[in-house]
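Notes follow once the structure below has been shown.
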């Protein structure tokens with residue numbers, strides 16, 4: 031009788047263990063590194079698993095953080111260094127290009143509510159442009175430079 035109970039228990043245990051679903055992670059990235067006797071394995075895309083903290087060491091593993099992306103279209107063929115100065119400005123704002131502009135650039139100035147205040151043009155082969163701000167009241171403005179699909183926006187403070 032004891033032997034029958036033992037066999038039924040063993041069969042039940044085997045069926046229970048074999049019936050468990052193996053959890054697998056479908057991850058978008060992962061890696062493994064060993065250095066100085068410490069091994070770290072990680073995957074991106076796991077569900078939340080508790081955080082371990084010991085003094086200055088904090089380890090949060092298996093947590094895929096929310097990715098926040100601010101959409102800005104950048105179609106840069108060649109990176110150009112642009113300086114907008116002085117900022118804050120009182121009367122005039124200077125725009126200086128590292129290299130001459132290879133096409134027409136449209137400059138628009140918008141107030142903090144997004145209303146269009148002023149429009150100016152920068153002609154091809156120009157390396158520096160000065161914009162008169164004397165007719166604007168004190169406040170925060172956004173200088174938007176557009177050339178084709180390339181758009182750069184700068185926050186400018188008028189004193």
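Residue numbers (my numbering): 31 to 189.
Where is the CB? At the ideal position from N, CA and C, for every residue including glycine.
Exposed unless 16 or more other CB atoms sit within 10 angstroms - verdict on residue i
{"i": "residue 51", "result": "Confidence in residue 51 is poor, its pLDDT being 49 and thus under 50, which makes the residue's placement unreliable; the coordinate value appears in the next sentence. Classification of residue 51: exposed, given that the 10 Å Cβ count is below 16."}
{"i": "residue 131", "result": "buried"}
{"i": "residue 37", "result": "exposed"}
{"i": "residue 175", "result": "buried"}
{"i": "residue 146", "result": "exposed"}
{"i": "residue 44", "result": "exposed"}
{"i": "residue 159", "result": "buried"}
{"i": "residue 116", "result": "exposed"}
{"i": "residue 139", "result": "buried"}
{"i": "residue 189", "result": "exposed"}
Segment limits, beta strand (DSSP E) that includes residue i
{"i": "residue 141", "result": "135 to 141"}
{"i": "residue 187", "result": "180 to 188"}
{"i": "residue 176", "result": "169 to 177"}
{"i": "residue 31", "result": "That residue, residue 31, is in no beta strand (DSSP E); it is neither H nor E in DSSP."}
{"i": "residue 129", "result": "Residue 129 -> no beta strand (DSSP E), and no H or E assigned at all."}
{"i": "residue 160", "result": "158 to 162"}
{"i": "residue 146", "result": "146 to 152"}
Among the options, nearest to residue i - alpha-carbon criterion
{"i": "residue 154", "options": "34, 135, 145 and 170", "result": "135"}
{"i": "residue 171", "options": "187, 39 and 179", "result": "187"}
{"i": "residue 151", "options": "177, 121 and 41", "result": "177"}
{"i": "residue 168", "options": "119, 114 and 63", "result": "119"}
{"i": "residue 144", "options": "31, 183 and 189", "result": "183"}
Cβ distance (whole Å) where residue i is taken to contact residue j below 8 Å
{"i": "residue 163", "j": "residue 123", "result": "6 Å"}
{"i": "residue 137", "j": "residue 112", "result": "Contact flag wrong, Cβ pair sits at about 11 Å."}
{"i": "residue 157", "j": "residue 127", "result": "5 Å"}
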